[in-house]
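Student:
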Amino acid sequence: MALEIEGILQQVLPEVNGTSKTGNPWVKQDFVIETTEDQYPKKVNFSLWGDKVADFKQYTTGDKIKVSFNLESREYNGRWYTEARAWKVELVDNNGFVGGAGNQSSDIPSIPASPLLPSDNGTDDLPF
């Protein structure tokens with residue numbers, strides 16, 4: 057189940073490190089965004105794991121971002137816990153464009169000025 061949401065980055069919580077049962081190191085980063093599309097904005101907490109934590113360091117509080125995430129639930133001691141696990145975060149500029157690259161019109165090739173159809177000289181060789 058892949059979901060997406062846009063909002064303003066409100067808070068970046070402290071990074072958490074640890075070691076798994078098998079001896080592998082892990083890292084987790086939580087952050088909070090506030091939605092902007094709803095009449096009543098909501099705050100949502102997301103978690104990033106592994107290599108995605110280093111990629112997230114480029115964002116600062118106040119940035120408008122788009123988060124792609126999955127919802128995961130697990131049971132522990134008879135209680136259920138749900139986590140919004142982010143797998144992609146992108147910067148959104150003020151015009152709603154994802155990626156934050158700004159105006160990219162210089163990258164678009166120009167259209168040739170010459171017409172694509174041959175000019176009509178009265179020498180049309182079509183029989184009809």
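In short: position in the sequence shown from 1, add 56, done, that's this note's numbering.
C-beta: ideal position from N, C-alpha, C; glycine also.
Determine the extent of the alpha helix (DSSP H) in which Lys108 is found, giving its start and end residues.
Tutor: 108-112
Student: Put Pro81 into one of helix, strand or coil per three-state DSSP.
Tutor: strand
Student: Count the other CB atoms within 10 Å of the CB of Gly74; is the residue buried (16 or more) or exposed (fewer)?
Tutor: Exposed: under 16 other Cβ atoms inside 10 Å.
Student: Compute the Euclidean distance between the alpha carbons of Ile121 and Gly106, then round it to the nearest angstrom.
Tutor: 20 angstroms
Student: Terminal residues of the continuous beta strand (DSSP E) containing Ala140?
Tutor: Note, Ala140: beta strand (DSSP E), 135-147.
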